[in-house]
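Asker: Quick note, the sequence shown lines up with residues -16 to 326 if you use the working numbering. All C-beta atoms in this analysis are idealised placements derived from N, C-alpha and C, irrespective of residue type, glycine included. Dropping the structure in here first, questions after.
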Amino acid sequence: MTQDSKDEKKVVRGLEDVVAAETSVSYVDGVHGRLYYQGYDIHDIAEEMTFSEVVLLLWNGGLPTRAERDRFSSEIVADMRLPSQVVDMLKLTPPNSHPMSVLRTAVGMLANFDPDVEDISPEANRRKARRLLAQIPTIIADLHRIRNGLPLLSPDPDYGVSSNFLYMLRGTPPSELERSAMRLLMVLLADHGLNASTFTARVITSTLSDMHSALAGAIGALKGPLHGGANQRVMEMLLNISNVDTVKEYIEGMLENRQRIMGFGHRVYRTEDPRATHLRKYSEMLCEANGQRHLYEISRRIEQTVMDAKGIYPNVDFYLATVQHAIGIPPEYYTAIFAASRA
């Protein structure tokens, strides 16, 4: 036996079954298809809590009072405005650059204007986290409007962060159903254990680097099509299918050519992703309300075809695509919405 073979170590691809950290912030039960935030089942909170409530639950370990929730929501809305220099930078980016690349740059630039950037005390970290939570939606909304020659909008004090996000992006007041959908998707995407982007952020913070650097690194990881970028590719697939009658042939052709069908399968869940359960429901309601019922029907037929052929369940990305499409979010911004929800 050579020295090289003696020193050879087992390589664990994807860190599968490797315990890198312990957390009580969220827990993924892959066997039973359950997701918990600080011990609360996602099925119990997904359609009941505001995004601000969920953020405080994740940060503090317990539910906020109504007064705490309202105060925090008002603070976020007040922090949504960007430094003028960051807005100027957004105007200078090439129109073909990916929104996630622009977002990564903008977050790094924000560090230069944050008075707490090098202060890593718990109090300063909470202030920075709150500001970033507020500013990232504005970066995305402003970028979209700049690229479409539209005026930039200020947040509406009567809206929370999720409704303001949609309003500032589209420029029209969202309906109650659309507001509920935006709130839901941000709640469902808020945390999911030690995924690739969270792991990236933890590696960076472990060196005592600043929060903005960690978040910029996490955005880089999330941009990948095997992580947050999958839902954009789901929508591209849906738009390539002309009608529900052609779904079976389209999907079978992809499988025969060994192409990956985005939006299906998960490294942890061995049954249906609980987030997909809620998004499927909203996908149907939104597509029905917005005259796009055919997209929901195509999605359902794809789900059934993949299940019959491979026995694989949809993950969060699959119905997330149609929900975002139905509320007027362009596909190139889907992954950025993911980033805003998990910041």
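(1) How close, in whole Å, do the beta carbons of D174 and L41 come, if the pair is a contact with beta carbons under 8 Å?
(2) Take the Cβ of L209 as the centre, count every other Cβ of all protein chains shown within 10 Å, and call the residue buried at 16 or more, exposed below.
(3) Once you ignore the five residues that flank P138 on each side, which residues in its own chain have a CB closer than 7 Å to its CB?
(4) What whole-angstrom Cβ distance do T288 and V227 have, given they're in contact under 8 Å?
(5) I'd like to know if N79 contacts chain C, where contact means its C-beta is closer than 8 Å to some C-beta of that chain.
(6) Does the separation of the CB atoms of A326 and L172 fall below 8 Å?
(7) Please report the straight-line C-alpha distance between D99 and R110, rounded to a whole angstrom.
(8) At 3 residues or longer, what runs of the beta strand (DSSP E) sit wholly inside the region -6 to 72?
(9) Using the beta-carbon count (16 or more within 10 Å), is T305 buried or exposed?
(10) Mind the definition here: the region 282 to 296 touches the region 188 to 207 only if three or more C-beta pairs lie below 8 Å; say whether that holds.
(11) When the Cα of M237 is compared with those of K293, P120, L191 and Y265, which residue comes out closest?
(12) For Y19, which residues from the same chain have a beta carbon less than 6 Å from its beta carbon, with the 5 sequence-adjacent residues on both sides left out?
(13) What do you reckon, are the CB atoms on A322 and I202 nearer than 8 Å?
(14) Are there 16 or more other CB atoms within 10 angstroms of the CB of S282, so buried, or fewer, so exposed?
(15) What first and last residue would you give for the alpha helix (DSSP H) that runs through M169?
(16) Cα-Cα, which of T88, I310, E101 and P82 is closest to L167?
(17) Excluding the 5 residues preceding and the 5 following A124 in the sequence, name in chain order all residues of the same chain whose CB lies nearer than 6 Å to its CB.
(18) Closer than 6 Å by C-beta to D24: which residues in its own chain qualify, once you throw out the five before and the five after it? Chain order, please.
(19) For M(-16), which residues of its own chain have a beta-carbon under 8 Å away from its beta-carbon, when the five flanking residues on both sides are left out?
(20) In whole angstroms, what is the alpha-carbon distance linking L221 and I103?
Answerer: Reading off the structure:
(1) 6 Å
(2) exposed
(3) V60, M63, N147 and M151
(4) So it is not a contact: roughly 11 Å between Cβ atoms.
(5) No chain C is part of this structure, which consists of one protein chain only.
(6) no
(7) 8 Å
(8) 9 to 12 and 17 to 20
(9) buried
(10) no
(11) K293
(12) Y10
(13) yes
(14) buried
(15) E159 to L171
(16) I310
(17) M151 and L152
(18) none
(19) Unreliable positioning characterises M(-16) in this predicted model, as indicated by a pLDDT of 48, which lies under 50. The coordinate reading is nonetheless provided below. Closer than 8 Å at the Cβ level, and outside the excluded window around M(-16), lies no residue.
(20) 44 Å
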